[in-house]
Amino acid sequence: AITLSSALTAYLRLGFVMEASDLFDGMTENERDGVSWTAMISGYVQNGLYGQALKLFVKMLGSSVRPDSFTLSSVVSACAGLACVEIGKAIHAQAMAIGFQSDLLVSSALLNMYAKCGEVGDSWVLFELMRVRNVVSWNAMITGFAQNGRDMDAIVLYEKMLQSHIKPDDITFVGVLSACGHERLLDEGLRYFHSISELHGMAPSPDHYACIINLLGHFGKLEQAMELIMSMPNKPN
RNA sequence: UGGGAUGAGGCAC
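In this note's numbering, the protein residues as written are 36 to 272.
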């Protein structure tokens with residue numbers, strides 16, 4: 036079963052979804068354990084086949100294998116991909132009923148799902164209710180605000196994140212810099228951009244550069260934008 | 001190393 040799951044995952048990582056689903060369909064009931072069900076479901080999600088993921092989840096519910104937090108977070112992610120808050124809410128209720136009310140993975144996925152569905156207020160309620168938060172939960176909330184035009188809330192939350200001594204990562208800065216971009220906050224954007232290396236000891240990613248180049252462009256500072264592109268340590272994409 | 005949750009800008013539509 037482990038060998039089959041490994042092959043399944045390999046196919047899905049390479050984007051060979053058909054090959055993976057053929058393999059999965061050919062597996063016996065015994066070979067299909069929780070890991071292979073979840074690998075197949077999350078593989079569909081990662082390849083953008085959200086409806087397929089949900090269909091397979093329903094099939095899983097009819098099997099003898101129970102979903103765990105890995106499975107549920109992937110299924111919630113499928114709802115986010117579909118921006119379908121109705122199914123998302125149903126799965127939310129189900130997850131609460133079977134004991135995942137304070138699960139970090141499921142909560143982060145739900146928070147993201149509500150934000151993607153435009154219900155960022157619900158995301159915030161969930162975020163505040165979470166007993167344990169990690170960088171993913173903070174990122175999901177920050178980018179959720181930014182994606183819903185609540186850019187100042189995103190920036191304020193980032194500052195709270197620092198005060199909470201949670202170490203930001205690449206994704207955090209994408210959220211913060213894009214919020215600055217929406218609000219045309221050039222000075223703040225530059226400040227956060229420089230803080231990536233100077234305060235946090237990280238190398239800015241091409242995405243971080245893109246955010247700042249975009250901001251400079253909106254201010255007509257094309258020479259400065261060009262200079263920044265030329266100064267990029269990696270090849271600009 | 002058998003499976004997970006969070007990602008920007010732009011162009012076109």
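For each residue, glycine too, the CB sits at the ideal point set by N, CA and C. All of these numbers come straight from a predicted model, not from anything done at the bench.
Check	Outcome
Output the boundary residues of the alpha helix (DSSP H) element that contains residue 58.	52-60
Could you give the C-beta distance for residue 111 and residue 88, rounded to a whole number, given that I count them as a contact under 8 Å?	Not a contact, Cβ separation roughly 10 Å.
In the DSSP assignment, the alpha helix (DSSP H) including residue 48 goes from what residue to what residue?	37-48
State the start and end residues of the unbroken alpha helix (DSSP H) segment that holds residue 207.	205-217
Determine the direct distance from the alpha carbon of residue 229 to that of residue 247, and round the result to whole angstroms.	10 Å
Using a Cβ-Cβ cut-off of 8 Å (strictly less than) and excluding sequence neighbours within five positions of residue 74, which residues of its own chain qualify?	40, 43, 44 and 47
Decide if residue 127 is buried, meaning its Cβ has at least 16 other Cβ atoms within 10 Å, or exposed.	buried
When you compare only the Cα positions, how much space is there between residue 263 and residue 102?	48 Å
Note down the Cα distance separating residue 29 from residue 257, rounded to an integer number of angstroms.	No statement about residue 29 is possible, as the shown extent of the chain runs from 36 to 272 and does not include it.
In angstroms with no decimal places, state the Cα-to-Cα distance between residue 56 and residue 134.	30 Å
Helix, strand or coil for residue 254 per DSSP?	coil
So, is residue 185 buried or exposed, given that buried needs 16 or more other C-beta atoms within 10 angstroms?	buried
Please list, in chain order, all residues of the same chain as residue 114 whose beta carbon is under 6 Å from its beta carbon, the five residues on each side excluded.	122, 123 and 148
Output the boundary residues of the alpha helix (DSSP H) element that contains residue 63.	Note, residue 63: premise wrong, no alpha helix (DSSP H); not H, not E.
Does DSSP put residue 226 in a helix, a strand or coil?	helix
For residue 272, which option in 254, 255, 240 and 218 has the closest C-alpha, if you only look at C-alpha atoms?	240
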